[in-house]
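Everything below concerns the one structure shown next.
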Ligand code: FES
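Residue numbers (our numbering): 253 to 393.
Next comes the structure, spelled out in structure tokens:
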């Protein structure tokens, strides 16, 4: 279901000068405390979130509980509450807060000069998770 918060985005384009990073959208295209969805043919869609501090994060748009669309959840701090059963998922690492358990894939995000980028290699590699020590978000200036 498409909502104002989760308007589907066109498939990303790659700039010749951004060999690894895929230009997704302008930061201003992401609603504060909302999300947009990048569709993928394989591996599931990616939800890109913006929190109240202009932090930008990307997770697989699939809750580890029963597959709820995280892009339609409620963003608070660096977490999103799943719209189906209210599990709390970390926007940085995709890890579910206790007492629930589980994890969804987090994607590397970069914000540069008002543009939002995803790691092209990771986007094209379904199921590839971000190592826990790799930063997955960059705060907008
Ligand atoms: S599907 Fe997300 S909490 Fe149940």
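Here a beta-carbon is modelled for each residue, glycine too, at the ideal position from N, C-alpha and C.
* Asked: Are there three or more Cβ pairs, one per stretch, closer than 8 Å when the stretch 368-378 is compared with the stretch 316-335?
  -> no
* Asked: For residue 272, which residues of its own chain have a beta-carbon under 8 Å away from its beta-carbon, when the five flanking residues on both sides are left out?
  -> Mapped onto the chain shown, residue 272 falls at position 20. 371, 372, 373, listed in sequence order.
* To do: Check each residue's C-beta against every heavy atom of the ligand FES and list, in chain order, those closer than 7 Å.
  => 315, 317, 318, 319, 320, 334, 336, 337, 338, 339
* **Inter-residue spacing [alpha-carbon to alpha-carbon] between residue 369 and residue 351** => Along the chain shown, read from residue 1 onward, the residue named residue 369 stands at position 117. Along the chain shown, read from residue 1 onward, the residue named residue 351 stands at position 99. Cα to Cα, the separation comes out at about 33 Å.
* Run the CB neighbour count on residue 338, radius 10 Å, all protein chains shown included, and call it buried at 16 or more, exposed below. => On the chain shown, position 86 is the one that residue 338 refers to. Its Cβ having fewer than 16 others within 10 Å, residue 338 is exposed.
* Asked: Mind pulling the beta strand (DSSP E) runs of 3 or more residues that sit fully within the stretch 310-349?
  -> 326-328, 331-333, 340-342
* **Per-residue DSSP class, three states only, for residue 393** => In the chain shown, the residue the question calls residue 393 occupies position 141. Here residue 393 scores only 37 on pLDDT, less than 50, and its place in the model is too uncertain to base an answer on.
* Between which two residues does the alpha helix (DSSP H) containing residue 375 stretch? -> Taking the chain shown and counting its residues from 1, one reaches residue 375 at position 123. Its alpha helix (DSSP H) spans residues 372-375.
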